Every structure is written in C-alpha cells, then in structure tokens.
Amino acid sequence: MHKPIREVLDGRRQPVPPVWMMRQAGRYLPEYMAIRKTVGSMLEMCFAPKLAAEVTLQPIRRFGFDAAILFSDILVIPHALGRHVRFEAGEGPRLPPLDDPAAMMKLRGPADDAVLAPIYETIRLVKAELPPEVTFLGFCGGPWTVATYMVAGRGTPDQAPARLFAYRHPEAFAHLIDMLVEASADYLVRQLRAGVDAVQIFDTWAGILPPDEFQRWCIAPTMRIVADVRRAVPGAKVIGFPRGAGSNLKRYVGDVEIDAVGLDWMVDLDFARDIQRRRPVQGNLDPLALRAGGAALDRGVDAILQALAGGPFIFNLGHGILPDTPVAHVEQMLKRVRG
Ligand code: CP3
Numbered sequence: 000m001h002k003p004i005r006e007v008l009d010g011r012r013q014p015v016p017p018v019w020m021m022r023q024a025g026r027y028l029p030e031y032m033a034i035r036k037t038v039g040s041m042l043e044m045c046f047a048p049k050l051a052a053e054v055t056l057q058p059i060r061r062f063g064f065d066a067a068i069l070f071s072d073i074l075v076i077p078h079a080l081g082r083h084v085r086f087e088a089g090e091g092p093r094l095p096p097l098d099d100p101a102a103m104m105k106l107r108g109p110a111d112d113a114v115l116a117p118i119y120e121t122i123r124l125v126k127a128e129l130p131p132e133v134t135f136l137g138f139c140g141g142p143w144t145v146a147t148y149m150v151a152g153r154g155t156p157d158q159a160p161a162r163l164f165a166y167r168h169p170e171a172f173a174h175l176i177d178m179l180v181e182a183s184a185d186y187l188v189r190q191l192r193a194g195v196d197a198v199q200i201f202d203t204w205a206g207i208l209p210p211d212e213f214q215r216w217c218i219a220p221t222m223r224i225v226a227d228v229r230r231a232v233p234g235a236k237v238i239g240f241p242r243g244a245g246s247n248l249k250r251y252v253g254d255v256e257i258d259a260v261g262l263d264w265m266v267d268l269d270f271a272r273d274i275q276r277r278r279p280v281q282g283n284l285d286p287l288a289l290r291a292g293g294a295a296l297d298r299g300v301d302a303i304l305q306a307l308a309g310g311p312f313i314f315n316l317g318h319g320i321l322p323d324t325p326v327a328h329v330e331q332m333l334k335r336v337r338g
C-alpha cells in the first residue's frame, strides 16, 4: 500500500506534501480531553493500551493526517530505568533529580520490560485499526534531552543543571548517556517489531549545546542508536529532530544516517533547502502561527511550501501544537497544504 510519508522517507517527493503534527494527540482536541478526564495522570494513560490507542487514532479520524504518532512520552524510558516520573497537573514532569556522580555511575540498565510492555500492546491495537495509507510513527527522546530531565528532575528554561553536570562530571554523564543509548535503541527496535513503520528521535533540547558538546551528546549518541536499530531491523526508517540545532544541523545531517530531519520553526527556509539536498526534511511551521490562524497562518504555510515542496518533504509544525490552538486553525492549515 502506498504510504506517502514512507515514500518521502525513501527520498521520493510527493505531489501533495504529506502532513502530520507533533503532539497531534493532545489537549487541543475535545475528544482527547474527554478521555484525559477519566484517568488520573498522563503517565497512566501511556500505560493503558486501549486509551492510548484511542487517543492515537483520534487525530487520524478527525483530520486524516498522513501519520499517526504513538501516544506515549519520552520519559517512559527513565521511568522503566527506575527513575520514577510523575506528571504534575499544569506543571510538567517531575523525577527524582540525579545530581550525584557516584549515584549516576551506579545506575544500571536494562529498562524494565514489564513497564514498557503495555506500550507495545498499544502499537498492536493501533496497527489493527489504522488505514493502510497512514504511516505509523513510534518515537523516543534523544539521550541528551532525556538526560536533561533526569539530572534536573524537571524541565527548566535552559536545562542548565545537565549542562553544568556534563562539564563537571563528564565520565558519569557519559555513563548515563550510554545507558540511554542502549535502552532507547532497544525500545525503538521493539516498537518497530510491534508494528510501527518508522520512528522519530525527539532531541528537544539539542539547541542549547555548543558545537563540541552537540557533537558529543547529540550527534554521537544518535548515530549509535540509529546503527543499533538498523543492526536489529535492517532498513529501519528514522526521523531525527534536533530542535534548535541551527547551524549545527549541517553536521547533524552529514553524520547521522537518518531518513529525514525535522526542522524547528527558527530554521531559515533557504538554509532548510540546503539541508534538503542532503536529506528529506520535515517541518517547520511556527506553532504560534497555527495558534494565531488567519493571514499569518496562510503566509507561514505558503512560505514553507514555496521553499520545500519541490523536494522530498513532510509538512509539520516546528514543534508540538499548543493546547489552546483552535481545531478550526488545524483545518485551515490542512486545506492550505493539500490545496
Ligand atoms: O501526539 C504526540 O506527539 C504523541 C505523544 C507525545 C507526548 N509527548 C504526549 C504528551 C510525544 C511525542 C511527546 C514527546 C515529549 N515529551 C517530548 C519531546 C517533544 C517535545 O514536545 O518537546 C518532551 C520534551 C516530553 C516531556 C514532556 N511531556 C513534557 C515537558 C510535558 C509537559 C509539558 C506539556 O506540554 O504539558 C509532557 C506532557 C505531555 N506529553 C502531554 C502530552 C499529550 C500533556 C499532558 C497531559 O495531557 O496531561
């Protein structure tokens, strides 16, 4: 069956750019909120296959996106490594902070299979329901991004705790990254075996690293994940999303053998076209342009199509959709992209 997003990941431009949105299963959808209200926490929902499958499918039914993305979270990996995660209402994730190098050196994998098993069950449930032309995406966090939350125990404006820790205790930090590389690669392999068509690596905090650290904590670990995954699943399709990487994107697409790169909304479109000569690209509408709607939304969509739709391209936002985005704006965006 022809899956437009799979085609782009094989390097083939599509006449109408396929489209999906990061965080498309989420709080801007009334049908998501209806289910979300019935469970105690976001994490509980990640580990409830029937509910997670249902919210994964909701945006496909409503909008006919070209990809479904598994409903889960990047922080299930630390959770399965014994660093328990809580989602505080309206405040984001909380973990026990990891600020002692000796304690960090003592951490051991592998991730607990029993914790992650319900996620593979969700994948099987979604797979059975998904229209055949829709590409099913699994994901994990980039080791750097996941480590920033593990060190600080939460999100912070610039993830300074992890940067500081990595400068002060590079060996302990390298041990943490190694553990995350192994756990993440294994997790992606299992997602692919359970039925996803491709996976995306979300390195949301890549952009705060200076170039040498970007090489060491973003590029090198991501290369290892991609190699490990392809060793187990030959030909596995991988999208990289090093948010905020800016000029480091050139090295990222040069070194990491990904099938497409996700671009955030700060990437200049001429530069994006340069990147597209190396790899298919995905992106990069400002989520706030979608939130604003009207002429700003149309202008944003048109500029991206003008620059990137001539090559292998997947339309997306430059980061996740904001919870207060009107559904009508998503419809407007889709009409504009699909013509
Ligand atoms: O629709 C999808 O994209 C699939 C599901 C998905 C979620 N999180 C669900 C979620 C995906 C791919 C993620 C990835 C994720 N999670 C990232 C990387 C991408 C990004 O958006 O930066 C990060 C950094 C996290 C960690 C995380 N999860 C944070 C910081 C927060 C709180 C911030 C917020 O938006 O509330 C979450 C919570 C979260 N993950 C929600 C959802 C739908 C909202 C919580 C809820 O519904 O109660």
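Numbering-wise, the sequence shown is residues 0 to 338 according to numbering that gives the first Met the number 0. In this text, a Cβ means the ideal position worked out from N, Cα and C, and glycines have one as well. None of the values given here were measured: they were computed from a predicted structure.
(request) Using beta-carbon positions only, say whether I118 and S71 come within less than 7 Å of one another. (result) One-based indexing of the sequence shown puts residue 118 at position 119. One-based indexing of the sequence shown puts residue 71 at position 72. Yes, they are a contact pair.
(message) Does the distance between the C-beta of I118 and the nearest non-hydrogen atom of the ligand CP3 fall short of 6 Å?
(response) Here the question's residue 118 lines up with position 119 in the sequence shown. No, the ligand CP3 has no heavy atom inside 6 Å of this Cβ.
(request) Assign T121 to buried or exposed, taking buried as 16 or more other Cβ atoms, counted over all protein chains shown, within 10 Å of its Cβ. (result) The count along the sequence shown starts at 1 and reaches residue 121 at position 122. Per the 10 Å Cβ criterion, buried.
(message) Using only the alpha-carbon positions, how far apart do M340 and F201 sit?
(response) An answer regarding residue 340 cannot be provided, because it is not within the stretch 0 to 338 covered by the chain.
(request) Flag T203 as yes when its Cβ comes closer than 6 Å to any non-hydrogen atom of the ligand CP3, and as no otherwise. (result) As a working note, residue 203 is residue 204 in the sequence shown. Yes, the Cβ of T203 comes within 6 Å of a heavy atom of the ligand CP3.
(message) If you measure between the beta carbons of P142 and V180, is that distance less than 7 Å?
(response) The residue you call residue 142 lines up with position 143 of the sequence shown. The residue you call residue 180 lines up with position 181 of the sequence shown. Yes, the pair counts as a contact, with Cβ atoms nearer than the cut-off.
(message) Using a Cβ-Cβ cutoff of less than 7 Å, which residues in the same chain neighbour A151 once the five nearest sequence positions on both sides are dropped?
(response) The sequence position of residue 151 within the sequence shown is 152, counting from 1. Taken in chain order, the residues that qualify are P96, Q158, P160, A161.
(message) Would you say Y27 lies against chain C (beta-carbon separation less than 7 Å)?
(response) Any reference to chain C falls outside this structure, which holds one protein chain only.
(message) Using 7 Å as the threshold, is the C-beta distance between G137 and Q190 below it?
(response) Taking the first residue of the sequence shown as 1, we reach residue 137 at position 138. Taking the first residue of the sequence shown as 1, we reach residue 190 at position 191. Yes, they are a contact pair.
(request) Assess, as a yes-or-no matter, whether the stretch 98-106 is touched by the stretch 28-37 under the definition of 3 or more beta carbon pairs within less than 8 Å. (result) no
(message) Here's a check: name, in chain order, each residue in its chain whose Cβ is nearer than 7 Å to the Cβ of I4, leaving out the five neighbours to either side.
(response) Here residue 4 refers to the residue found at position 5 when the sequence shown is read from its first residue. Excluding positions up to five away in sequence, the list reads P17, D65, A66, T134, I313.
(message) Alpha carbons only, please: which of P156, A259, E53 is nearest the one belonging to L28?
(response) Position 29 of the sequence shown, counting from 1, holds the residue named residue 28. Minimum Cα distance to L28 is reached at E53.
(request) Would you kindly report the start and end of the unbroken alpha helix (DSSP H) that includes F70? (result) The count along the sequence shown starts at 1 and reaches residue 70 at position 71. From DSSP, F70 is part of no alpha helix (DSSP H); its letter is neither H nor E.
(request) Would you mind working out which of L268, R278, I274, T155 sits nearest L304, comparing C-alpha positions? (result) Numbered from its first residue, the sequence shown carries residue 304 at position 305. Among L268, R278, I274, T155, the Cα nearest to that of L304 is on L268.
(request) Flag this pair as yes or no: are the beta carbons of V237 and V252 separated by less than 7 Å? (result) Counted from its first residue, the sequence shown places residue 237 at position 238. Counted from its first residue, the sequence shown places residue 252 at position 253. Contact: no.
(request) Could you check what DSSP says for L50 in three-state terms: helix, strand or coil? (result) In the sequence shown, residue 50 corresponds to position 51, counting from 1. L50: helix per DSSP, three-state reduction.
(request) List in chain order: all unbroken beta strand (DSSP E) runs of 3+ residues lying wholly within the stretch 174-248. (result) 197-202, 237-241
(request) Helix, strand or coil for L307, going by three-state DSSP, please let me know. (result) Here residue 307 corresponds to residue number 308 of the sequence shown, with the count starting at 1. If DSSP states are grouped into helix, strand and coil, L307 belongs with the helices.
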